[in-house]
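Student:
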Amino acid sequence: MDIQGPGALDGPRACQGKIIVNIPDRKAAEAAQDRVEISSQALKKAEIDGLREKLEALPACRMDKIAELRELIRRDLFITPQRLEGTVDRLLEEIFKRSDV
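So the mapping is simple: my numbering equals the position in the sequence shown, first residue as 1, plus 13.
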């Protein structure tokens, strides 16, 4: 195909001459190994980005609820018979679920 100025193309033509195809040696191709080196700075950035994604996925923190629970713990009012019983019940359920497996 010839390009003759702006907008002027002639049609397709048959190839003239020999077509040479370079086929690599199979053993050489199998022996070749690609390598990628990642800098320590890039690794640190990737780690920070991963941690940032995990942090953003966490639910919002309710500071009022945390303050309330801290006060209950400080005044030794957090552990009640009802909470203790519920905790023991859930613990036993978990133990028995694992022993059935």
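In this text, a Cβ means the ideal position worked out from N, Cα and C, and glycines have one as well. These figures come from a predicted structure and were not determined experimentally.
Give a yes or no on whether the C-beta atoms belonging to leucine 97 and phenylalanine 91 are separated by under 8 Å.
Tutor: Residue numbering aside, residue 97 sits at position 84 when the sequence shown is read from its first letter. Residue numbering aside, residue 91 sits at position 78 when the sequence shown is read from its first letter. It is not a contact, given that the beta carbons lie outside the stated cut-off.
Student: Consult DSSP for aspartate 89 and reduce its assignment to one of helix, strand or coil.
Tutor: Counted from its first residue, the sequence shown places residue 89 at position 76. Of the three classes helix, strand and coil, the one that applies to aspartate 89 here is coil, per DSSP.
Student: Just to confirm the assignment, what range does the alpha helix (DSSP H) spanning alanine 55 have?
Tutor: Within the sequence shown, the letter at position 42 stands for residue 55. Alanine 55 -> alpha helix (DSSP H) spans 53 to 70.
Student: Less than 6 Å between C-beta atoms, sequence neighbours within five positions excluded: which residues of the same chain meet that for leucine 71?
Tutor: In the sequence shown, the residue the question calls residue 71 occupies position 58. Correct list: empty, nothing qualifies.
Student: In the structure shown, what three-state DSSP assignment does arginine 39 receive?
Tutor: Within the sequence shown, residue 39 is the residue found at index 26, counting from 1. In this structure, arginine 39 counts as helix in the three-state DSSP scheme.
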